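Read the structure below first, then the notes.
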Amino acid sequence: MPPRSHFQTVLPQFRIGRIFLARRFGVPALHFGYLSRYLSLIAKKKKNINKKKNRKNKKRSCSNAVLLPDVISEILTRVSLDHLHSRCRLVCKDWRRLTYESNFKLFHAQRTPTIWGYLIGMSHKYNRYHTNFVSINQSSSIPSPSLDFLPFNKKLSILSSSSSYGLLCCFGSNYGYPPSSSYYICKPATREWIEIPKPNTSRNSILEIVIVVIRRNPLHYKLICFSVYTFSTHHYLHIFDSNNWKWEKLNIDHPSLLLSQILYKYRGILVHGAVHWLSKNGLRICAWNIDKESWKIIESPKGIHGDEIYDHDMRLLECEGEIGLLRLSWGERWLELWVLEDYYSKDETRRRWNKNFRVSLEPVYPASGYLSCENIVDLYAKDIVLMKIEDEIIWFNCKTGTHTVALKVPAGYRVHQIHPIHSDLVRCNLASKWGLDPWNSTKKMNRIRWF
1 MPPRSHFQTV LPQFRIGRIF LARRFGVPAL HFGYLSRYLS LIAKKKKNIN
51 KKKNRKNKKR SCSNAVLLPD VISEILTRVS LDHLHSRCRL VCKDWRRLTY
101 ESNFKLFHAQ RTPTIWGYLI GMSHKYNRYH TNFVSINQSS SIPSPSLDFL
151 PFNKKLSILS SSSSYGLLCC FGSNYGYPPS SSYYICKPAT REWIEIPKPN
201 TSRNSILEIV IVVIRRNPLH YKLICFSVYT FSTHHYLHIF DSNNWKWEKL
251 NIDHPSLLLS QILYKYRGIL VHGAVHWLSK NGLRICAWNI DKESWKIIES
301 PKGIHGDEIY DHDMRLLECE GEIGLLRLSW GERWLELWVL EDYYSKDETR
351 RRWNKNFRVS LEPVYPASGY LSCENIVDLY AKDIVLMKIE DEIIWFNCKT
401 GTHTVALKVP AGYRVHQIHP IHSDLVRCNL ASKWGLDPWN STKKMNRIRW
451 F
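Just so we're aligned, residue 1 is where the sequence shown starts under the UniProt record's numbering, counting upward by one.
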């Protein structure tokens, strides 16, 4: 029990004594009451001061307590995928960097119901379509995702993927009589799908469709469609919003000359609220900001002596939430990774590229074989690259220079698309906003199924 202060000891005695003094000298006890209240206020103030000191001491002790990196990693590997993306990665740079490491992804996939990997689309010469799932750390208790629950699954192609939320935009077609085609949004991990309206352009004129998730709960997403008409250099931009369920054409001034230089054979990279493409000559990066609806130009990294790196093949990728550029040498067969820093800097001189590594590919690719960035599929982690060697899909470790085979392509098939998928097993309720019956649909454009 803490010791009593001087005022706590005196006050009770004073309250008894003031009545005796009032009777002895004939003075009203009210005057002594003022003094008693004054002394009690002083005692309360001292109590409050002591409480504040104790709180400050507690805060100092809490701030001095630092968790060890192993403890932090142990905690984060058990966090749900939603909290990992929306909260944990925003705490600090160290946590953000930790969640992108290959070892972290391995333990997180083992300890939580999470899917990390790639959907590989293969087609046969007799128009047979097949999807396969590869993962470096997939748990055996979780079934591998596929697209066999979608209509037109024999003639189906993936147009875009939102790897952080596990959503795909797919296109299915039937060349019978009468011919038909449909666009779908689906989540393969939960086997949910919904048919969406067709964009106001033909499928052949579409250069790329990018799916952007605005909010997870309730689900809100947008589709950004870039298209160009045949025998025309003017590009068009259509946006589909899941809230109003329709396509809208943006009437803005497009730099047609700039758009004609974009390399559309590689998918756009969604980073910092903008979609990024590499130009055909590799000298610059074109970025379309979704909220501001404006374009931004980023210069590619220079060579060692200040020359433009135009004599190498390059591939734009996402690296730990930033813009990454893989630089591949045609003759010497080495691979470099450059990462952009200070993305939001308005000063071009402060925006710089850092070279993370340079590794030789001679142990993987023979000297006589053809090598280009089309063989580089994706950057799984900063030290692991997904590659294609002839009829094999491999994981290449840039630190050790070793590789493991992820998939052997069957005879007669060719790989025509590979999309990342990073998803949990939580239903996203694609049609809950429209109050649709998941089993008995009445609207053709809003069908949804759960299997």
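C-beta: ideal position from N, C-alpha, C; glycine also.
A quick note: this is a predicted structure, and the numbers were derived from the prediction, not measured.
Query	Result
The stretch 374-381 contacting the stretch 400-407, beta-carbon criterion three pairs below 8 Å	no
Per-residue burial, P363 [other beta carbons within 10 Å of its own, 16 or more giving buried]	exposed
Residues near F104 in its chain [Cβ-Cβ closer than 8 Å; skip 5 each side]	S73, L76, T77, L98
Residue interval of the alpha helix (DSSP H) (run including residue 465)	This structure gives no information on residue 465, because the portion of the chain shown stretches from 1 to 451.
E341 vs N356 beta-carbon contact at 7 Å	no
Alpha carbon of W288 to alpha carbon of N429, nearest angstrom	29 Å
L250 vs L278 beta-carbon contact at 7 Å	no
Simplified DSSP state of T131, which is helix, strand or coil	strand
Length of the line joining the Cα atoms of F149 and L156	11 Å
Local Cβ density within 10 Å of V275, reported as buried at 16 or more and exposed below that	buried
Coarse secondary structure for H272, derived from DSSP in three states	coil
Per-residue burial, A411 [other beta carbons within 10 Å of its own, 16 or more giving buried]	exposed
Sequence-distant residues of the same chain with beta carbon closer than 7 Å to V134, five excluded per side	G117, Y118, I120, I393, A406, L407
L106, DSSP secondary structure in three states	helix
Exposed unless 16 or more other CB atoms sit within 10 angstroms - verdict on L67	exposed
Beta-bridge pairing of R284 - partner residues as DSSP gives them	E299
Close-in-space but distant-in-sequence residues of the same chain around R333 (CB under 7 Å, 5 per side omitted)	S360, L361, E362, Y365, L371
Where L119 falls: helix, strand or coil (DSSP)	strand
Selected residue, minimal CA-CA separation from Y380, among S163, S345, S205, S300	S163
Bridge-paired residues (DSSP) for S181	S173
Straight-line Cα distance separating G282 from I309	Only weak support exists for where I309 lies, its pLDDT of 47 falling under 50; the coordinates are left without a value.
Secondary structure of T114, DSSP reduced to three states	strand
For D82, the first and last residue of its enclosing alpha helix (DSSP H)	81-86
CA-to-CA distance, L147 to R427, given in whole angstroms	16 Å
Secondary structure of T99, DSSP reduced to three states	helix
Unbroken beta strand (DSSP E) run spanning I290, endpoints	I290 -> no beta strand (DSSP E), and no H or E assigned at all.
Rounded separation between I214 and F152 - CA only	28 Å
As assigned by DSSP and simplified to three states, the class of C92	coil
Assigned exposure category for W199 - 16 Cβ within 10 Å defines buried	Looking at the sequence shown, residue 199 is not Trp but Pro. Per the 10 Å Cβ criterion, buried.
Coil, strand or helix - N354 by DSSP	strand
Rounded separation between S173 and S182 - CA only	7 Å
Separation of R414 from Y344, as counted between CA atoms	40 Å
Beta-carbon spacing of V228, H235 below 7 Å	yes
Reduced DSSP secondary structure (H/G/I, E/B, other) of L168	strand
Limits of the unbroken alpha helix (DSSP H) element including S73	69-76
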